[in-house]
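Quick note on numbering: the sequence shown equals residues 1 to 315 in UniProt numbering.
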Amino acid sequence: METPDQGEVRIGGRNVTLLPPAARNVAMVFQNLALFPHMTARDNIRFPLVERKVVPAVAEARLAAVAEKLHIGHILHKLPAHLSGGERQRVAIARALVVEPNAYLMDDPISALDARLREETRVELKRIQTELGRTLVYVTHDQEEAMSVADRMAVLEHGEIRQLGSPRDIYMTPASRYVARLVGSPPINLIPGRMDQAQSVFRADGGELKVPLANRSQAGAGGLELGVRPEDVRIVSPDRADAAHAEVYELQPLGGYTIVDVKYGGLILRALVQGQTALKLGERIGLLLDPARIHLFSSEDGRAFAHGTSATAAA
């Protein structure tokens, strides 16, 4: 549907650059579904198999297996008009999976599902992809979905790839402030400040917070932002000499953990506390940041300088 500016598009070792979409043996699922309104869910799923002249018994076995995986066996007799948005989306996914193509292209395929079904379906999609051993190109605006499904992630901004790597690489060593803010929930904390070359520490602007660093001459003397994820912020006694002073601003208990918003100078930072907490609103606390898990970004262009105390400079 699009012609590359240069190079080739290969699927399974085959050059498909100049082939029409129908000849590429690729199955697609889009956010805007395209089911045949006059066909039942069963016939919609079976349609590409009929077009490919798959033996009826084989086609029926594939249909039954996919319907069971996606929990749609009870709606196969219904027309699309009588299905919910989530049910129509699962039928569209089933129609793609049943073909067993060389590759799958999916654009926000589970966005219409409720939270429980979305979690179940993404786990099932990942398992199916692993079993079939086929490439799945999956577009989503949900970073949690991307992190859980992907073997490799491409983070795009304005149509350009900002970073390509494993979910772990994207999370642990983001190439820029943009990438760091895109992944992770709650989002990363960003603290403006400068590098004190004499003492090899990062000093926050207008506050007492400082983080010991290794040799960070790469960062220069310009403005920086220190990024630290909520799980790497420790809440300690305000009496500790090495802690920065802050106060509890908001509490969000979520069962297994609590999100604690803390007020530090003019900033609101977030910390994750396991389980429930006895902290009270307005309580004075101390803050410690794990220097092995911090990130340094340019305050001008957002480029990452380095990650952690022992990390080398970012590329």
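Ideal Cβ placement from N, Cα and C applies to all residues, glycine included.
Source: prediction; values computed, not measured.
Proximity of residue i and residue j at Cβ, strictly below 9 Å
i, j, result
"Leu296", "Arg234", "no"
"Leu79", "Pro48", "no"
"Tyr264", "Leu190", "no"
"Arg284", "Ala246", "yes"
"Ile188", "Arg181", "yes"
Cβ shell of residue i (< 6 Å), same chain only, five flanking positions each side left out
i, result
"Ile161", "Ala154"
"Glu119", "none"
"Leu18", "none"
"Ser310", "Below a pLDDT of 50, predicted positions are generally treated as unreliable, and Ser310, at 43, falls in that range; no measurement from the model is reported."
"Ser200", "Leu213"
"Gly286", "Val236, Ser237, Pro238, Arg240, Ala243"
Nonlocal neighbours in the same chain, by C-beta distance under 8 Å from residue i, ignoring five residues either side
i, result
"Glu157", "Tyr178"
"Glu8", "Asn15, Thr17"
"Met172", "His307"
"Leu272", "Pro186, Pro230, Glu231, Val233, Tyr257, Thr258, Ile259, Val260"
"Thr312", "Here Thr312 scores only 36 on pLDDT, less than 50, and its place in the model is too uncertain to base an answer on."
"Leu83", "Ala41, Ile75, Val91"
Boundaries of the alpha helix (DSSP H) in which residue i is found, first to last residue
i, result
"Phe36", "Run containing Phe36: none; DSSP gives neither H nor E here."
"Leu97", "85 to 97"
"Arg168", "167 to 172"
"Ser179", "A small correction: the amino acid at residue 179 is Val; Ser does not occupy that position in the sequence shown. It spans 177 to 182 - the alpha helix (DSSP H) in which Val179 sits, taken as one unbroken run."
Option in the options with minimal Cα separation from residue i
i, options, result
"Arg127", "Asp142, Lys69, Pro174, Leu105", "Lys69"
"Ser166", "Leu113, Ala65, Val149, Gly286", "Val149"
Endpoints, beta strand (DSSP E) assigned at residue i
i, result
"Gln197", "Here Gln197 belongs to no beta strand (DSSP E), and DSSP marks it neither H nor E."
"Val16", "Element bounds for Val16: n/a, residue is neither H nor E."
"Glu250", "244 to 253"
"Asp261", "257 to 264"
Own chain residues within Cβ distance below 7 Å of residue i, not counting five before or after
i, result
"Gly85", "Ala112"
(request) Pick out the complete alpha helix (DSSP H) segments inside the stretch 105 to 165, 4 residues or longer, and give them in chain order. (result) 115 to 132, 143 to 149
(request) List in chain order: all unbroken alpha helix (DSSP H) runs of 4+ residues lying wholly within the stretch 28 to 76. (result) Within the stretch 28 to 76, the complete alpha helix (DSSP H) runs of at least 4 residues are 41 to 51, 56 to 69.
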